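> Have a look at this one before I ask anything.
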Amino acid sequence: MVDSSPTREQWEEKKHLVLSLYIGQNSTAKEVVAHLKRNHGWNISTRQLKSRLQDWNASGHKRTRAPYYLAMMTVANHHYNKDRLRTTFQVPKRYTKEVIDFSKIQKEVNRIEGGYDKLPPLTAAKQMLLNAGYTWETPSCRTIRGRERRYSSDSDSVHHRRQFSAVERAIPPIDPNQGLKVVHSPSQMHEDFAFADILHQGTTPASSNCGDRVRVGSWAGPFCWQAFDPNRNADDLRVHKAAAMEHFRSMLMHNFDNQYIFPCLSWMILVLGSHMKTAELQEFLSSSCQVIVDKDPKGLTYRVPFCYTLAVQTGDRQGKEEYGNQLEQCHDQIRLVWGSAHPNTLVVKSIYAWDLLEASQYLRAIEVLEPELQTFEYVMGADDQLTISCQAILARAYQMRGQLERAIELLTQAIKSLGDFRTEFKPTSYRLHLRLGTLLAQTGKLSEAERYLWKAVNGRIDVFGLGEAKTWSAIDELCKLLQQTGRTEELNRWLQVWGRHPECSRRDLADLSLRISHRAREGLNQNQNPTRRPSETMIHRLGRVNCSPTDQALAKFQLPPWKRVL
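Each residue of the sequence shown is one higher than the one before, starting from 0 at the first, in numbering that gives the first Met the number 0.
Below, the structure is given as structure tokens:
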């Protein structure tokens, strides 16, 4: 039994043990004192221990402070797989690095009063840990079959050291002694990723008191007004658009981890693009890209997805190739910043998959998106436009590989999720109806295909009228089916109805008639009754028709109920 008051020599003998406990194992001074008393009979106070630690220049290396455990908990929650293997952290100490696993983090967070309500945002947590020299890694195992193991890059299994771009470095450093704001799981808020309500409101200053969604609305709203509200004053609109870009610049500086920025980008692309508001979409993307490039000309996080999208919309093939080649790297970097199940990551993943589809890399596109379908539904919601876009991309990839049944399944689910009640998505819905009807016809399900094709035709006439090529492409697919089923009389009758419509494009109608005649000559329906070609003078005759009130009413036709209901 050692004396209750150890001598200097005895302290020196136990120096390695004490430092190992206090620094290496991250034990508290109280825990070290208890260990010495229990195992070595030392009856000392924590004050004596701290005095000795100060003599050894070790007092500054006290146990990891609570904010760091909160930050590690945030990161750990975004880097785990379904087998519950979680991220481990390497914490710098005086002589070595201590490895902290999830159980240790959980224990320490449980000690903190209201700890789980104080978890910091993911980006701020990673910034704080990296500034303090922390590194982390995700455990790997050959038996794991979770999506993050199968389809993540090798960088997910190594130390996640990151070089922050200029914009990311602009995030103010986090003081561990300050309170940390509450973060909520994105999955708890997926119903908020619809933007129609806030984008049509008045401008709202993007102040610190505004929510993230409101800030995004201030950025994108004026371009929606320009597209859908022609009565807006041009001068006011110009002022609002300039203010919108200032709001966006402020978000990049002070609200970098806003989880609504990329989903709003996706929403704008889908809605403005599907409504053929090309000029407004290009202006929105061009202005946003200019702000991003001015702020961080070499950063990947925002520059690559935005500039790639702009290149696609403007037909810039060189820009599309340049930024498309960087999308995978950008996606991997964003995944390290925000995690695999973050809205921003999912948006960039969908853009990357679309680029793979454009490059005819269908199998790779499937590998990127298929394992993440449930993640899209869980984080964004099954009826969110991003989830539906993901299903549409996957369906196209499967279709191009000849796997039509899976493509049909995905399109059916996407149409069901869209429903009929969201006006902004009607063009998208009719496009999916057209694709599904075409696939069903290819697989011989003609009756079901006809119902979807009628829905597409009727919907596009309602939205775009008979003066748009989009409408005539849908009509052409329907005419193919009517020819396949030998219903030439019905086909000719509908051609006359459409031809009498005041908005009918004579050129499109003539082209359609020629295609029908060409298919008839090729004997498209060899096993059916011979298809009678439309009268060669039909188009000229329709062009000279003086529409009576009855004819005009017929031209606005109402399909039979069974053809209007899907």
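The C-beta atom is built at its ideal place from N, Cα and C for all residues, glycine as well.
All values reported here derive from a predicted model rather than from experimental measurement.
#1: According to the neighbour-count rule (16 or more other Cβ atoms, all chains shown, within 10 Å of its Cβ), is R395 buried or exposed?
#2: Would DSSP call K444 helix, strand or coil?
#3: Considering only their Cβ atoms, is the gap separating L431 from I414 smaller than 8 Å?
#4: Considering only DSSP beta bridges, list what E371 is partnered with.
#5: Using a threshold of 8 Å, state whether the C-beta atoms of F305 and L284 are closer than that.
#6: Using DSSP's beta-bridge definition, name the partner residues of Q89.
#7: Taking the Cβ atom as the reference point for each residue, do Y429 and A455 lie within a distance shorter than 8 Å?
#8: Helix, strand or coil for T6? Go by DSSP, reduced to three states.
#9: Note down, in chain order, each residue of its chain lying with its Cβ closer than 8 Å to the Cβ of A552, except the 5 sequence neighbours on either side.
#10: Within the continuous alpha helix (DSSP H) that includes H330, where are the two ends?
#11: What three-state label does DSSP hand T27 in the structure shown?
#12: Can you name, in chain order, every residue of its own chain whose Cβ lies under 7 Å from the Cβ of P262, other than the five neighbours on each side?
#13: When burial is assigned at 16 or more other CB atoms within 10 Å of the CB, is A123 buried or exposed?
#14: Nearest to Q47 by alpha carbon, out of R237, V32 and Y68?
#15: Can you tell me where the alpha helix (DSSP H) holding L309 begins and where it ends?
#16: So, at 7 Å on beta carbons, what are the nonlocal neighbours of I387 in its own chain, with the 5 sequence-adjacent residues on each side left out?
#17: Determine, using beta carbons only, whether L271 and E279 come nearer to each other than 8 Å.
#18: Buried or exposed: where does N42 fall if 16 or more other Cβ atoms within 10 Å of its Cβ makes it buried?
#19: Tell me which residues share the same chain as G542 and place their Cβ nearer than 7 Å to its Cβ, disregarding the 5 neighbours each side in the sequence.
#20: Assuming E476 and G436 are in contact, meaning their beta carbons sit under 8 Å apart, how far apart are those beta carbons, in whole angstroms?
#21: Compute the Euclidean distance between the alpha carbons of W337 and Q390, then round it to the nearest angstrom.
#22: Closest to T277 by CA distance: which of L236, C223 and M250 is it?
#23: Contact check, L439 vs A406 under 8 Å by CB: the rounded distance?
#24: When we look at the beta-carbon of S512 and count the other beta-carbons within 10 Å, is it buried (16 or more) or exposed?
#25: Measuring straight from C-alpha to C-alpha, what distance separates A352 and F424?
#26: Taking the alpha-carbon positions, what's the L299 to W453 distance?
The relevant details are as follows:
#1: buried
#2: coil
#3: yes
#4: None; E371 has no bridge partner.
#5: yes
#6: V98 and T134
#7: yes
#8: coil
#9: Low local confidence applies: a pLDDT of 36 at A552 is under 50, so the model's placement there is unreliable, with the coordinate-based value given in what follows. There are no such residues.
#10: L326 to W337
#11: coil
#12: F192, P342, V346 and L385
#13: buried
#14: V32
#15: R302 to T313
#16: A413, S416 and L417
#17: yes
#18: exposed
#19: Per-residue confidence for G542 stands at a pLDDT of 38, beneath the threshold of 50, marking its modelled position as unreliable; no derived number is given.
#20: 7 Å
#21: 23 Å
#22: C223
#23: That belief does not hold up - the Cβ atoms of L439 and A406 are roughly 10 Å apart, past 8 Å.
#24: buried
#25: 21 Å
#26: 44 Å
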